[in-house]
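According to our numbering, the sequence shown is numbered sequentially starting from 25. Beta carbons are placed, not taken as given, at the ideal position from N, Cα and C, and that holds for glycine. Right, one structure below, let's go through it.
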Amino acid sequence: MKNERMFRCQQLCEPAAEENQVTFAEGVLQAHLVKDAPKDGDIHITWDTSFARTSYADYSAGVCARIIPGDERFDVYILEVVFGRWRPSELAFQMVQFEKKWKPKASMVERPAGDELLRLEIQRQAQRFQVPLNIYWKAIANTPDAKRNQIKGVETLLANDELWFVGGPWIEETFNQFMRYTGERKNKGRKDDIPDALAMMQFFCPSTQSNKELEELQKERENKAEQKAIYSNIFDTPVYIPPPPQPVSMRRQLFGSLAR
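Here it is, written out as C-alpha cells:
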C-alpha cells in the first residue's frame, strides 16, 4: 500500500515495473526554464477541469503554449499556467479571459461529467466579452494508465529538449506538481492537474499520432454542425401560409355588378 512499484518488484518479481514510473527531476525542469519564447508558431490552450471547491479538491488548470514546428522536430514553449478552485461560472469566466488574452488558434478541454451547463456558460461569457472560440471537447479516457501514459509523453519531450517553460509566478507550483508526480494510479493527495493539462498539449504537436484524434474531433464537429444545419433547415425554417380569402359582402357584390 505504501509503494506499489516496490511491492511489484520485490514480492511479485516484476523488475520491469521500474519502467512504469514517471519521474521529473528538478534539475531537468530548471534546465528548460527560459526568459522568453520565440514569436513565431501557433498558440494553443488546454484545460483540465474540476468543479470541486474544498481545500483538498483538485484544481482546474489551464496551460497556454506556443508550438513551433521544424523540419525534423518541434519546440513547445509553455507561456502561462493558470489554476484554482472555481465554481462552474467562475471557471467559464477564467477560460474566456484566458482565450481573450492569448487568442489561441485552437483550445482543448477535457470533458468533465455534467459539462452541459459549463459549455453554455462559456458561450454566454464569450458573447458578453466578444471572444471567438474554437474549442475541442476531449472525452476522458477510461483506461487505467491513460493519464500516466499521456504525462510520460511530457517526460519524453523534456528528454528530447522539445519542451521549454517561460518564467512566471506559476513556475513554482508547476514544477512542484511535476516533481511530486510518480505515475502511480493513486496520487495519495498529490496534485497532478497541471501535468495533466500540459500533457494534452501533445495533441496539437505536429507529426504525432495524436493528431489523428484531433482530426477525428474536427470531423465529428463538422458532422454535428452539418446535422444541426439540416435539422434547422427542416424544422426551424418558417413556412409561409397565405391568409384565408375574405368574404365579400352582398353590398359590395351589388355595387360591383352595377359598375360593370
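By how many angstroms is the C-alpha of residue j removed from the C-alpha of residue i?
| i | j | result |
| --- | --- | --- |
| ALA116 | CYS37 | 48 Å |
| LYS162 | GLU50 | 30 Å |
| ILE164 | ARG143 | 16 Å |
| ASP66 | GLN35 | 49 Å |
| THR232 | GLU208 | Because the pLDDT of THR232 is 49, which lies under 50, any placement of that residue in the model is unreliable, and the question is left without a value. |
| PRO112 | LEU141 | 8 Å |
| GLY108 | MET224 | 18 Å |
| ILE92 | ALA137 | 33 Å |
| GLU114 | SER84 | 11 Å |
| TYR101 | VAL155 | 24 Å |
| GLU96 | PRO230 | 10 Å |
| CYS88 | ASN247 | 28 Å |
| ASP64 | THR47 | 31 Å |
| MET203 | THR180 | 15 Å |
| GLN13 | GLN251 | With the chain represented from 25 up to 284, any question about residue 13 goes unanswered, as that position is not in the structure. |
| SER234 | ALA130 | Residue placement at SER234 is poorly supported in this model, since its pLDDT is 49, which falls under 50; the coordinates are not used for a value here. |
| PHE153 | GLU104 | 21 Å |
| PHE120 | GLU145 | The sequence given here has Val at residue 120, not Phe. Distance between the alpha carbons of VAL120 and GLU145: 10 Å. |
| GLU134 | TRP110 | 16 Å |
| PHE31 | PRO62 | 46 Å |
| LEU182 | ARG90 | 15 Å |
| ASN184 | GLY94 | 14 Å |
| GLN147 | LYS124 | 13 Å |
| LYS215 | ASP82 | 7 Å |
| ILE69 | PHE228 | 9 Å |
Thinking just about the alpha-carbon of each residue, which of the options is nearest to the one in residue i?
| i | options | result |
| --- | --- | --- |
| GLN149 | ILE164, GLN118, ALA170 | GLN118 |
| PHE122 | VAL106, ASN158, GLN201, VAL133 | VAL106 |
| TRP71 | GLN226, GLN251, ASN247 | GLN226 |
| LEU53 | LYS215, THR206, GLU196, PHE228 | GLU196 |
| PRO128 | TRP110, ASP99, TYR160 | TYR160 |
| LYS171 | ASN158, ALA81, THR206 | THR206 |
| MET132 | LEU103, PHE31, THR73 | THR73 |
| ASP139 | PHE75, PHE228, PRO62, ILE69 | PHE75 |
| ASN158 | LEU182, ALA81, THR198, TRP126 | TRP126 |
| THR198 | LYS124, GLY86, HIS68 | GLY86 |
| GLU186 | ASP169, PHE98, PHE228 | PHE98 |
Name, in chain order, the residues that DSSP records as bridge partners for residue i.
| i | result |
| --- | --- |
| ALA49 | DSSP output for ALA49 lists no bridge partner at all. |
| LEU187 | VAL100 |
| LYS162 | GLU134 |
| PHE71 | This sequence places Trp at residue 71; Phe is not what is there. Per DSSP, GLY86, VAL133. |
| VAL58 | VAL190 |
| ASP66 | ILE91 |
Should residue i be listed as close to the ligand NAP, given that the test is whether its C-beta is under 7 Å from any heavy atom?
| i | result |
| --- | --- |
| GLY191 | As for the ligand NAP, it is missing from this structure, which has no ligand bound. |
Let me see if you follow: with CB-CB separation under 8 Å, is residue i close to chain B or not?
| i | result |
| --- | --- |
| GLU114 | Of the protein chains in the structure, only one exists, and it is not chain B. |
Are at least three pairs of beta-carbons, each pair with one atom in the segment 55-64 and one in the segment 187-199, less than 8 Å apart?
-> Yes, they touch.
Is the segment 166-186 touching the segment 218-227 in the sense that three or more CB pairs, one from each, lie closer than 8 Å?
-> A contact exists between the segment 218-227 and the segment 166-186.
Unbroken stretches of the beta strand (DSSP E), 3 residues or longer, contained in the segment 74-156 = Taken in chain order, the complete beta strand (DSSP E) segments of 3 residues or longer contained in the segment 74-156 are 84-93, 98-108, 130-134.
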